[in-house]
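Chains as they are written, first to last, in the numbering used here: chain A, 8 to 200; chain B, 8 to 200.
For each residue, glycine too, the CB sits at the ideal point set by N, CA and C.
See structure below.
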């Protein structure tokens, strides 16, 4: 579909994109090391809940072609840590990404290689601009699915490893029903550049 | 805000983006030559209705920085031609744009310099991908405002002149309450490259 217009329908209730070229379905067993409470991980692995789904409509790889997609983060926690995405840097460091939240309530963690971190709110109508060089993770802090639309360059690529190794310096946890940002005791900066 | 994350709130009911860096307010008197029925234009110029508003949050000019914005096309017609945007090419021909419709019912006209044309539907949840090289105009064919979110590269630029001179080869008109695509009798290909 290079240089050809296309359209896609994102079902607003479910976040599903019809005719997505890629559907990612992440369960707890796909990312057990990402949560800080490993006892809780072990206890929940039998049920192995779906944490999130991502629907992608891909273009050929080019900086002047963009991909579009949607993500649906389910509500829930692993221990006290809210369901969240793995989070990643783009392989092409300067590649930005834009989120437009359709429904639900979330937090967006943004972290540079240098360790600089920002935490943004996600709510219906909120546009989050993620510049190049910032790893990004989304967290559902509400009781309904967190559903958002995303745009990123087709040549951005994904670097999941850096975040898997070092983590984000902050966690988003459910503190008696209220989302709270706390330091990540397992944060390991410098492990991976 | 170069390379710094930012967020913005698009009010879903109104389409207004708080803290927009630019607000464009287009009335009929800003674009009288764009409608085919010039008698109707003259008759409606006294009232001079607002046709659309665009809210933009701009980044510094760079291909790796993007702008975000929203557009609100009012319902109505000039003669039998629905309210619409001027439409433009990007000055940087390869620059794409993505629309995400939040509410209302519309048509997206897409046209290349070669004259190739496509007409797409806009409705809540519809994502329209506009590749580089395609001029784009949005038309409100419903009875409520057509509200959509947009992303485009900060260095895309706007070329309104080509469309002002040659027009799109199709018009979207209200034919006894139903939107109809008809040939534009004033279409002048080749006038402007």
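Between residue 146(B) and chain A, is any beta-carbon pair separated by less than 8 Å?
no
List, in order along the chain, the chain B residues whose C-beta lies closer than 8 Å to that of residue 47(A)?
Within chain B, no residue comes near residue 47(A); the closest Cβ sits about 30 Å away, beyond 8 Å.
Segment contact flag, the segment 68-76 of chain B with the segment 103-110 of chain A, C-beta cutoff 8 Å, min 3 pairs
yes
Just to confirm the assignment: which complete beta strand (DSSP E) runs, minimum length 3, are found wholly within the segment 158-194 of chain B?
177-182, 185-190
Listed by chain order, chain B residues near residue 10(A) by CB distance under 7 Å
138, 139, 140
Pull up the distance between the alpha-carbon of residue 1(A) and that of residue 41(A), whole angstroms please.
Residue 1(A) lies beyond the range of chain A shown here (8 to 200); nothing can be said about it.
From which residue to which residue does the alpha helix (DSSP H) around residue 46(A) run?
45-51
Would residue 19(B) count as contacting chain A if we go by Cβ distances under 8 Å?
yes
For residue 32(A), write down the residues that DSSP places opposite it in a beta bridge.
60(A)
When DSSP labels each residue in this structure, what does residue 40(B) get in the three-state scheme?
helix
Just curious, the beta strand (DSSP E) that residue 98(B) is in, first and last residue?
Looking at the DSSP string, residue 98(B) is not in any beta strand (DSSP E), and its letter there is neither H nor E.
Between the C-alpha atoms of residue 196(A) and residue 170(A), what's the straight-line distance to the nearest angstrom?
10 Å
Touching by the beta-carbon criterion (3+ pairs, under 8 Å), the segment 124-136 of chain B and the segment 14-32 of chain A
yes
Three or more C-beta pairs under 8 Å: does that hold for the segment 77-88 of chain A against the segment 39-59 of chain B?
no
Between residue 10(B) and residue 139(A), how many whole angstroms is the CB-CB distance? I'm expecting something under 8 Å.
7 Å
Check whether the segment 158-168 of chain A touches the segment 184-196 of chain A, counting contact only when three or more Cβ pairs, one atom from each stretch, lie closer than 8 Å.
no
Interface residues of chain B around residue 71(A) at Cβ under 8 Å?
101, 102, 103, 139
Could you tell me which residues DSSP pairs with residue 13(A) in its beta bridges?
136(B)
Which class does residue 68(A) belong to by DSSP, given the choice of helix, strand or coil?
coil
Would residue 178(A) and residue 144(A) be called neighbours here (beta carbons separated by less than 8 Å)?
no
Would you kindly work out how many angstroms separate the C-alpha atoms of residue 8(A) and residue 137(B), rounded to a whole number?
Here residue 8(A) scores only 45 on pLDDT, less than 50, and its place in the model should not be relied on; the value that follows carries that caveat. Answer to the nearest angstrom: the Cα atoms are 11 Å apart.
Measuring alpha carbon to alpha carbon, tell me which of 119(B), 89(B), 194(B) ends up nearest residue 202(B).
Nothing about residue 202(B) can be read from this structure; chain B reaches only from 8 to 200.
Buried versus exposed, by CB contacts within 10 Å (16 or more), residue 200(B)
In this prediction, residue 200(B) scores a pLDDT of 48, lower than 50, which makes its location untrustworthy; no coordinate-derived value is stated.
Beta-carbon spacing of residue 110(A), residue 75(A) below 8 Å
no
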